[in-house]
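Undergrad: Chains as they are written, first to last, in the working numbering: chain A, 52 to 523; chain B, 24 to 524.
Just so it is clear, CB atoms sit at the ideal spot from N, CA and C, and this is done for glycine as well.
Please read these numbers as outputs of a predicted model, since none were measured by experiment.
1) Does the pairing of the stretch 275–287 of chain B with the stretch 347–367 of chain B give three or more beta-carbon distances under 8 angstroms?
2) Measuring only between beta-carbons, confirm whether residue 505(B) sits less than 7 angstroms from chain A.
3) Using C-beta distances below 6 angstroms, list every residue in its chain close to residue 211(A), excluding the 5 sequence neighbours before and after it, in chain order.
4) Going by beta-carbon coordinates alone, are residue 161(A) and residue 128(A) separated by less than 7 angstroms?
5) Alpha carbon to alpha carbon, how far is residue 40(B) from residue 491(B)? Give it in angstroms, no decimals.
6) From the DSSP output, in three-state form, read off residue 401(A) for me.
7) Taking 7 angstroms as the threshold (beta carbon to beta carbon), is residue 429(A) in contact with chain B?
8) Name the DSSP bridge partner or partners of residue 81(B)?
9) Is residue 468(B) buried or exposed, if buried means 16 or more other CB atoms sit within 10 Å of its CB?
10) Check whether chain B comes within 7 angstroms of residue 447(A), counting only Cβ atoms and requiring the distance to be less than that.
11) How would you list, in chain order, the residues of chain B whose beta-carbon sits under 7 angstroms from the beta-carbon of residue 461(A)?
12) Spell out whether any CB of chain B is found under 7 angstroms from the CB atom of residue 443(A).
13) With residue 161(B) as the anchor, note down where its alpha helix (DSSP H) starts and where it stops.
14) For the stretch 297–316 of chain B against the stretch 371–388 of chain B, do three or more pairs of beta-carbon atoms, one drawn from each stretch, fall closer than 8 angstroms, so that the two count as touching?
15) For the stretch 249–268 of chain A and the stretch 213–221 of chain A, state whether three or more C-beta atom pairs, one from each stretch, are separated by less than 8 angstroms.
16) So, for residue 300(A): in the same chain, excluding its five sequence neighbours on each side, which residues have a beta-carbon less than 6 angstroms away from its beta-carbon?
17) Pull the bridge partners of residue 219(B) from the DSSP assignment, please.
18) Less than 7 angstroms between CB atoms is the rule here; does residue 473(A) satisfy it with respect to chain B?
19) Using a Cβ-Cβ cut-off of 7 angstroms (strictly less than) and excluding sequence neighbours within five positions of residue 505(A), which residues of its own chain qualify?
20) How do the stretch 274–288 of chain A and the stretch 364–371 of chain A stand: do at least 3 beta-carbon pairs fall below 8 angstroms, yes or no?
21) At a Cβ threshold of 7 angstroms, is residue 102(B) touching chain A?
22) Check distances from the C-beta atoms of the stretch 159–170 of chain B to those of chain A and list, in chain order, the residues that come in under 9 angstroms.
23) According to DSSP, simplified to helix, strand and coil, what is residue 348(B)?
24) Given a threshold of 16 other Cβ atoms within 10 Å of its Cβ, counted over all protein chains shown, does residue 365(A) qualify as buried or as exposed?
25) Is residue 409(B) near residue 417(B), with beta carbons less than 7 angstroms apart?
26) Quick one: residues in its chain with C-beta nearer than 6 angstroms to the C-beta of residue 148(B), no 5 flanking neighbours on either side, listed in chain order?
27) Does the count of Cβ pairs from the stretch 325–334 of chain B and the stretch 390–397 of chain B closer than 8 angstroms reach three?
28) Tell me which residues share the same chain as residue 116(A) and place their Cβ nearer than 7 angstroms to its Cβ, disregarding the 5 neighbours each side in the sequence.
29) What residues from chain A crowd round residue 187(B), counting only those whose CB sits closer than 7 angstroms?
30) Measuring alpha carbon to alpha carbon, tell me which of 136(B), 297(B), 73(B) ends up nearest residue 513(B).
31) Around the C-beta of residue 502(A), are 16 or more other C-beta atoms found within 10 angstroms, so that it is buried, or is it exposed?
32) Is residue 476(A) close to chain B? Criterion is C-beta to C-beta, closer than 7 angstroms.
33) Taking 7 angstroms as the threshold (beta carbon to beta carbon), is residue 455(A) in contact with chain B?
34) Are the C-beta of residue 324(B) and some C-beta of chain A separated by less than 7 angstroms?
35) Is it right to say residue 216(B) is buried, meaning 16 or more other beta carbons lie within 10 angstroms of its own, or is it exposed?
36) Using DSSP with H/G/I as helix, E/B as strand and the rest coil, what is residue 527(A)?
As structure tokens, then:
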């Protein structure tokens, strides 16, 4: 069971090494086989993960849990990785980033996230987290000609290291109380006793570490700058992958293991959730740069997801899973559009660049409309159903006020999502629009993500039943 | 399957239109016309086969959608929604015809959005499942936003965003109410919770405190849509900046969703709360009537005048509804249809002169009755119907409303009646300044009278304006059983706390 349990991760590591070797052997600097090999690796890992459906179990002395929940998210992460790899080459050429290390690093990042998702022990989670983080620190600064890229990576590194320290300290304190670092062990250890101040402190530090990773208020300050500075495919990747992995861990740790001690952290988390969504949406209103706008939008969405942790229970976790899937699709799509619009050369991601883009490039406009409406939570998109399902879980548990804040936030957020559509369809272009390159990879991504969004938004039963069957 | 086809054929046709090459504009228009015609005919078929003697829902269709959550694709029509659906498909059909001459840019996308809007509108009235209802309700925002924002007037983007955000805010609060209802309803057959409206209605017996909150949650969304004072500020902007067809559908149908919502949901589901809120709603309705009329009087832009008149007219609708007796309810529902016809016609009329002179300011006109006699006559008829002159539809509706209101509360009745007089003031004064008197601007002498197309649209509406005015029986008789069912719920509740007899 041990090897089988981590077979997908194993495959990814092998792929990463192979891609690295391929890059070394590539003397003429054309970097041809890297993308297909990476994608094959992701697809392979995804298939192997899916194979473990209903066939999984614990591995490595119960440190790894390869259950259905893990399987679902492993597949999602592979999908995210594959899409990112797909849309990267054109962008890298455009920004003249010729480092072949990009692809192995990306694969390693996904590997790290997979470890985070399959961890049943805080130390293993930490291992995955660090692997992911280090890979991302490097990936963030790969755009060496842009000083913002280096700044982004540095900020991410310093704040990330700082927050990881909090996380580790929390783990240490919980170990002191429960003599265990495994989720099950901690749950068991905290069950008997009433909250020990040491345990409370441990949970608090743990919460800080997690809050940083998902960019919750007040640990969100790194997020907009890092998102803006990093190369756009990496931004897309960062906005969806690590969030998904972190929320899975949040579900396993706070939602399940620490469920017994909920009175310690529930109120704090509810307040963090409310602040996060509100601040994210309010500040997004003022953004003129699409990458920053999407960064604040991501912060807000993390706030909505935190409501799911506050609510807790089967419905909430299934809803969060659905929301993470929908969110991955919407964000990947939105950033792909951002990459395409930026390719027109000038302006550097300002919203003004979108003027008139809707009618000039119909596919771009239509798919962006799907993404924006989905992010705002308008039917019949996956974003709408995700929000509805998530908020219903919170209403069921009686958190009506929190839901009211959340829905009002959704209405508020619609303003800045609509603003882009307004520029795209209701304004005349100010500059001569350069033709958007008809790149197959981008077109494929846009169509795939928007179709899936509309599909699972109008016929959610299939995805829903899958996720309900996958709950830990 | 009739209802499903009526709802989704427009969208299917719309998608078809998107695939027609951009140059073939006439084909696009004809396909759209065909789509709305088919939809209208289907709803006429529904009407002809409607059994007006029962309050039960007819033409029901029900498929499981998301079984684990108790969401069903459930449609149905009753006496309350029947005429609203007919109004919707009829007006949309006329809108396509009217747009033939007035919309010349991006025709494909325009018709697509119009048809998508039709789907949303008909869907809202037919939905028998709260999730489905909410989906259609929100879905309507998308095409309306684009219609106003792309084909509208100078401040169209501002108006479109304001409309969207304002309406969405109300809707999301309604969502919380829906979720609350969901968790307090159990499906007798399947066991879990359900969104089905019929089941929820049977099971919702909440204490007054909870009812109050739920009434407010739903009521706010509907009050914004109606729009009731003080949530009406989105309306003047949206109506004025929208293209003609947009304004017609906005006034003719979208506003009715608010009143429909109160009638279909707030009254039967939260009767005790409804009774408690009668004074508040009635007073807000009266403020709407009087304030709307007074503001209309001072408008310089004809379209804005008509927009504020909508606030006033729907004030009447709400006043009649919350009289909580059969005359009031019947008058209210009939007046919803009447307003759709009359105010829709008014917006079409404004569109006629706007297409010619590209101005809607009263002062730019004057004495045009000489050059446009047909137009002037048609305008006169519609205007009189809007005022509530006997012989036309407006009178029947307002009379029933005032009858019901007087029965419930004499003061409200008197104030409401004053509103009728004010309507005459602002409309007649506007008419006189625009049509009669000397021709001040030379451009007005050479204006063409109505084209055949414009005349057709207006006459089609006037036929019903006169029909309902002279012989409203077929309409009222089909509405009555469903209205009585709503009233029964209210009377059950008031048996505990007596209403004003």
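TA: Well, looking at it:
1) Touching, per the Cβ criterion.
2) No - not a single Cβ of chain A is within 7 angstroms of the one on residue 505(B).
3) 184
4) With respect to residue 128(A), residue 161(A) sits close: the two C-beta atoms are nearer than 7 angstroms.
5) Near 35 angstroms, if we compare the C-alpha coordinates of residue 40(B) and residue 491(B).
6) Residue 401(A) falls in the strand class under three-state DSSP.
7) Yes, residue 429(A) lies at the interface with chain B (some Cβ there is under 7 angstroms from its Cβ).
8) 100(B), per the DSSP bridge assignment.
9) exposed
10) yes
11) 195
12) yes
13) 153–162
14) no
15) yes
16) These residues qualify, in order along the chain: 167, 176.
17) Paired residues: 152(B).
18) yes
19) 421, 431, 432
20) no
21) no
22) 159, 160, 161, 162, 164, 165, 168, 169
23) DSSP places residue 348(B) in coil when its eight states are reduced to three.
24) exposed
25) For residue 409(B) and residue 417(B), yes; Cβs fall inside 7 angstroms.
26) So the qualifying residues of the chain are 104, 107, 108.
27) With the cut-off at 8 angstroms, the stretch 325–334 of chain B and the stretch 390–397 of chain B do not touch.
28) Only residues of its own chain outside the window of five on either side were considered, and among them 109, 169, 171 have a CB closer than 7 angstroms to the CB of residue 116(A), listed in chain order.
29) 465, 469
30) 297(B)
31) exposed
32) Look at residue 476(A): its C-beta is under 7 angstroms from a C-beta on chain B.
33) yes
34) no
35) Counting Cβ neighbours within 10 Å, residue 216(B) comes out buried, since at least 16 surround it.
36) This structure cannot speak to residue 527(A), because chain A is shown only from 52 to 523.
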